[in-house]
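Taking the numbering used here, I'd label the letters of the sequence shown as residues 1131 to 1476. Take a look at the structure set out below.
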Amino acid sequence: MDSVFPGTEQLVLCDDRPSGLRAIIAIDDTTLGPGLGGVRMKAYPSDAAAMLEARRLAAAMTLKNAAAELPYGGGKSVIVVDGPVADRTTLMEAFGRFVLRTAGAYLPGVDMGTTTADLATMGTTGADVACDEEDPSPWTALGVWAGIHAAVRQVDGRDDVEGLTVAVQGVGHVGADLVRRLAAEGARLLIADVDGDRAATLAAEVGGTVVAPDAIAAAECDVFAPCAAARVVDATSLPALRCRIIAGAANDLLADASLADDLAARGIVYVPDFVANAGGVIHIHARRAGWTDERLEQEVRAIGTRSEQVLEAARRDGVTPWSAAVQIAHQRIAAARPASAVTQPA
Ligand code: NAI
1131 MDSVFPGTEQ LVLCDDRPSG LRAIIAIDDT TLGPGLGGVR MKAYPSDAAA
1181 MLEARRLAAA MTLKNAAAEL PYGGGKSVIV VDGPVADRTT LMEAFGRFVL
1231 RTAGAYLPGV DMGTTTADLA TMGTTGADVA CDEEDPSPWT ALGVWAGIHA
1281 AVRQVDGRDD VEGLTVAVQG VGHVGADLVR RLAAEGARLL IADVDGDRAA
1331 TLAAEVGGTV VAPDAIAAAE CDVFAPCAAA RVVDATSLPA LRCRIIAGAA
1381 NDLLADASLA DDLAARGIVY VPDFVANAGG VIHIHARRAG WTDERLEQEV
1431 RAIGTRSEQV LEAARRDGVT PWSAAVQIAH QRIAAARPAS AVTQPA
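Below you can see the structure in the form of structure tokens.
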């Protein structure tokens, strides 16, 4: 039977008339645990676009949490707003009640447009929320750093990045931290940000070079680290890339999964975004599970090992790192699925 919603385990359309809340919760897969993923709040051109984004991001969270060996499935939600929100507390409480109705199948966190205070408000309804005042970005940066080192090890057979040129797109919470780590190890940094002052200040601090935001993806470098927008690699940008490795924090980097083949054909080694940028979700789990900071650091650094395993599996099996990582994630999910849940086609 053809499925209208292939791959989305549960889709909740939320319409709360008293508060005016309109939202979509997409729970992609709960085999490994509750569908963990952020709440995004923004305007969308249509309800269909909002639904597509929620489902696409939820599926990515399934891969990210499974690849990071965390006890969570994948979920994501979007709150659709058309303008300024008059009563944010009422809106977040209303959303929290919908989260509560999922009976633990959806575990919301912070995403674009929402804050830890919003999550705390949702939690007042009794809903479980992944809410922590602490900024996870340094942990995400550490994971990306480990992913870059793994790729350099595979491509160049070396453990250091001294003298290598790394182009970082976006030097906000994650990118700036990554730049400082790499600069301290002797890498040459090319830095771009749409906030020109931010790029210039950081470049002066680390002795890097500022590059225009629209030129960074095509800059000649060893490593391109996208730490800003989604879908940076598309059919237009791909032919212009002049890097040997791509590893960064930005989610949903490939406009289309087939671009992983094109990257491989060009000899560019890509550490899949959902493998490299898992430091944030590992941080969420660490706080929920009561890990020490030492354990957290160890687990985030293990992103380097996981990246190496992915790159090695890709090389061994003659597939792209993207396919290898998806397969590893799917195998973890399949191994956890009860045998009785596997249905055979008639
Ligand atoms: P941020 O908002 O702190 O920093 C993003 C930076 O990129 C800002 O300085 C912004 O001015 C700049 N920027 C935006 N568009 C740009 C463009 N087209 N060209 C150059 N610069 C541009 O965001 P944050 O937290 O550093 O996250 C970066 C990326 O990593 C985002 O895609 C985010 O979804 C992803 N990510 C972040 C995690 C975290 O722990 N913060 C966890 C996992 C993924």
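Here a beta-carbon is modelled for each residue, glycine too, at the ideal position from N, C-alpha and C.
Check, Outcome
"Within its chain, find whatever has a CB closer than 6 Å to the CB of Val1210; leave out the 5 residues flanking it on each side and keep chain order.", "Arg1152, Tyr1174, Ala1180"
"Per DSSP, Lys1172 is paired with what?", "Val1210"
"I believe Gly1239 touches Leu1249 by the beta-carbon criterion, under 8 Å. Please report the beta-carbon distance rounded to the nearest angstrom.", "7 Å"
"Taking the continuous beta strand (DSSP E) assigned at Asp1392, which residues delimit it?", "Taken as a continuous stretch (DSSP letters only), Asp1392 belongs to no beta strand (DSSP E), being part of the alpha helix (DSSP H) at 1389-1395."
"Classify Asp1479 as helix, strand or coil using the three-state DSSP reduction.", "Outside the displayed range of the chain (1131 to 1476) lies residue 1479, so it cannot be described from this structure."
"Hey, which unbroken runs of the alpha helix (DSSP H) at 4 residues or more fall wholly within the stretch 1303-1373?", "1303-1314, 1326-1336"
"Does any residue of chain B bring its CB to less than 8 Å from the CB of Leu1230?", "Absent from the structure: chain B. Only one protein chain is present."
"Can you confirm whether the stretch 1288-1305 touches the stretch 1444-1461 when touching is taken to mean that 3 or more C-beta pairs between the two stretches lie within less than 8 Å?", "no"
"If you run the structure through DSSP and keep just helix, strand and coil, what is Gly1448?", "coil"
"Using a Cβ-Cβ cut-off of 7 Å (strictly less than) and excluding sequence neighbours within five positions of Ala1349, which residues of its own chain qualify?", "Ala1297, Leu1320, Val1341, Arg1372"
"What do you reckon, is the C-beta of Asp1364 under 7 Å from a heavy atom of the ligand NAI?", "no"
"At which residues does the alpha helix (DSSP H) containing Gly1253 begin and terminate?", "1246-1253"
"Who are the near neighbours of Ala1329 in its chain, counting only those whose CB is closer than 7 Å to its CB and skipping five residues on each side?", "Val1301, Ile1321, Ala1322, Asp1323, Val1340"
"Quick check on the DSSP output: what are the complete alpha helix (DSSP H) runs of length 4 or more inside the stretch 1158-1204, in order along the chain?", "1177-1197"
"Near Arg1431, what residues of its chain come up, given a Cβ to Cβ distance below 6 Å and the 5 sequence neighbours on each side ignored?", "Ala1276"
"Give me the Cα-Cα distance between Arg1374 and Asp1265, rounded to the nearest whole angstrom.", "31 Å"
"Using CA coordinates, which residue listed in Asp1447, Pro1451, Glu1438, Met1191 is at the minimum distance from Gly1287?", "Glu1438"
"What residues in its chain sit with their C-beta under 8 Å from that of Ile1398, if we drop five residues either side in the sequence?", "Leu1371, Cys1373, Arg1374, Ile1375, Ile1376"
"Would you call Arg1116 buried or exposed, if buried means 16 or more other Cβ atoms sit within 10 Å of its Cβ?", "A query on residue 1116 cannot be resolved here, the shown segment of the chain reaching from 1131 to 1476 and no further."
"Quick test of your reading: Met1222 and Thr1251, contact by CB under 8 Å. State the CB separation rounded to the nearest angstrom.", "4 Å"
"Using 10 angstroms around the beta-carbon of Gly1273, count the other beta-carbons present and answer buried if the total reaches 16, otherwise exposed.", "buried"
"Output yes or no for whether 8 Å exceeds the beta carbon distance between Leu1230 and His1415.", "no"
"Buried or exposed: where does Thr1435 fall if 16 or more other Cβ atoms within 10 Å of its Cβ makes it buried?", "exposed"
"Per DSSP, what are the beta-bridge partners of Ile1154 in this structure?", "Leu1143, Val1208"
"Indicate, with yes or no, if the ligand NAI has a heavy atom lying under 7 Å from the CB of His1303.", "yes"
"Round the Cβ separation of Ala1380 and Val1362 to the nearest angstrom and send it over; I've been treating them as touching at under 8 Å.", "6 Å"
"State the beta-bridge partners of Thr1295 as determined by DSSP.", "Arg1318"
"Where DSSP assigns a beta bridge to Gly1239, which residues make up the other side?", "Gly1168"
"How would you call Asp1132, buried or exposed, if buried means at least 16 neighbouring beta carbons within 10 angstroms?", "The pLDDT assigned to Asp1132 is 44, lower than 50, so where the model puts this residue is not dependable; a value taken from the coordinates is nonetheless given after this. Looking at its Cβ environment, which holds fewer than 16 other Cβ atoms inside 10 Å, Asp1132 is exposed."
"Check the DSSP bridge columns for Val1399 and list the partner residues they point to.", "Ile1375"
"Taking Ala1198 as the reference, which of Leu1426, Asp1447, Pro1468 has the closest Cα?", "Leu1426"
"Which same chain residues end up closer than 8 Å to Glu1292 when comparing Cβ atoms and leaving out the 5 residues on each side of it in sequence?", "Glu1315, Gly1316, Ala1317"
"Using the Cα positions of Ala1189 and Glu1335, report the straight-line distance between them to the nearest angstrom.", "39 Å"
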